[in-house]
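Residues 1 to 260 in my numbering are what the sequence shown spells out, letter by letter.
Structure first, then comments.
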Amino acid sequence: MSEHLLTAEHLVKDFAVRNGRKRVVLRAVDDVSFDLDRGETLALVGESGSGKSTLARTLVCLETPTSGRVLLDGTDWTALPERRRRPLRKRVQMVFQDPFGSLNPRMSVGDLVGEAYQVHGLPDARSSVGELLERVGLDPTMAARHPHHLSGGQRQRVAIARALAPHPAVLVCDEPTSALDVSVQAQIIALLRQLQADLGIAYVFISHDLAVVRQIADRIAVMYLGRIVETGTADDVFRAPTDPYTQALLAAVPRLKERT
Numbered sequence: 001m002s003e004h005l006l007t008a009e010h011l012v013k014d015f016a017v018r019n020g021r022k023r024v025v026l027r028a029v030d031d032v033s034f035d036l037d038r039g040e041t042l043a044l045v046g047e048s049g050s051g052k053s054t055l056a057r058t059l060v061c062l063e064t065p066t067s068g069r070v071l072l073d074g075t076d077w078t079a080l081p082e083r084r085r086r087p088l089r090k091r092v093q094m095v096f097q098d099p100f101g102s103l104n105p106r107m108s109v110g111d112l113v114g115e116a117y118q119v120h121g122l123p124d125a126r127s128s129v130g131e132l133l134e135r136v137g138l139d140p141t142m143a144a145r146h147p148h149h150l151s152g153g154q155r156q157r158v159a160i161a162r163a164l165a166p167h168p169a170v171l172v173c174d175e176p177t178s179a180l181d182v183s184v185q186a187q188i189i190a191l192l193r194q195l196q197a198d199l200g201i202a203y204v205f206i207s208h209d210l211a212v213v214r215q216i217a218d219r220i221a222v223m224y225l226g227r228i229v230e231t232g233t234a235d236d237v238f239r240a241p242t243d244p245y246t247q248a249l250l251a252a253v254p255r256l257k258e259r260t
């Protein structure tokens, strides 16, 4: 049996914080394990403060786990020194919640996307920037614009294009639609699904919005206070949730439209 593309094994992430004169330990991620296969979408669902974003940053090695490990194609890349980890970063990219905050406002769209090639030591691909913009639904002439001249949806498309530049196998998407209005959310979800169909990318899709998750997830992991309290196929979790927290989340939203 082939190994999973991405595996989290007993991940723990602690932060030391001050409480008055005392230093206390806040456990943001608590013994989290899951796997992700090629071309699959795993949604991590939970309310704000449940540990989803910290987990996302740990998966892409922007945070170092307190314990546990993340395997990429069977290699524990959390244990590698940065010099050996750098080539693997092409395999796992992240799309952030706030595209405006993640894009340098002084750089043009073309330079922002082209920079992604340079960061990963790829050949100069200026001719590919226009093709990549077209792939995410943007006119290549937008390469000359700057982020503040773009709409929120357009900025998120640029962020996705940057993430796609090194040809990743996994995109970790941290609330990629939460800053967008409903119609634009639907467009971004449709884009992500098309990219997955075309390129075979796997997604870890993080969201508190169950209506959005319903449209993209193959499997769902529900997080509460840093732990995964329920996992299952999207159909199983939405139709017959077993954990009381999952049941409460679903009861708090209107009837959800099934994925088409």
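Virtual Cβ for every residue (Gly too), placed ideally from N, Cα, C.
Quiz item: Do Ala16 and Val32 have their C-beta atoms within less than 8 Å of each other?
Solution: Going by C-beta atoms, Ala16 is not nearer than 8 Å to Val32.
Quiz item: Cβ of Gly68 within 8 Å of Cβ of His10?
Solution: In terms of Cβ geometry, Gly68 and His10 form a close pair [threshold 8 Å].
Quiz item: Is Ala143 helix, strand or coil by DSSP?
Solution: Ala143 falls in the helix class under three-state DSSP.
Quiz item: With Ala161 and Leu133 assumed to form a contact (beta carbons below 8 Å), what rounded beta-carbon distance in angstroms separates them?
Solution: Yes, Ala161 and Leu133 are in contact; Cβ-Cβ is about 6 Å, under 8 Å.
Exercise. Give me the Cα-Cα distance between Pro105 and Val213, rounded to the nearest whole angstrom.
Key: Approximately 30 Å between the Cα atoms of the pair.
Quiz item: What residues in its chain sit with their C-beta under 6 Å from that of Thr246, if we drop five residues either side in the sequence?
Solution: Non-local C-beta neighbours of Thr246 in its own chain, meaning closer than 6 Å and more than five positions away in sequence, comprise Val222, Glu230, ordered along the chain.
Quiz item: Do you know whose CA, among Leu103, Tyr117, Gly232, lies nearest Arg155's CA?
Solution: It is Leu103.
Quiz item: Roughly how far, in whole angstroms, is the beta-carbon of Ser53 from the beta-carbon of Asp174, given that I think they are within contact range, below 8 Å?
Solution: Indeed, because the Cβ distance is near 6 Å, the residues count as touching under 8 Å.
Self-check item: For Ala169, three-class secondary structure by DSSP
Solution: Three-state result, Ala169: coil.
Exercise. In angstroms with no decimal places, state the Cα-to-Cα distance between Leu112 and His148.
Key: Approximately 13 Å, taken between the alpha carbons.
Practice problem: Look at the alpha carbon of Ala144 and the alpha carbon of Ala248, and state the distance between them as a whole number of angstroms. | Solution: If you take the alpha carbons of Ala144 and Ala248, they lie about 47 Å apart.
Exercise. Can you say whether Ala169 is buried or exposed, counting buried as having 16 or more other CB atoms within 10 angstroms of its CB?
Key: Buried is the call here.
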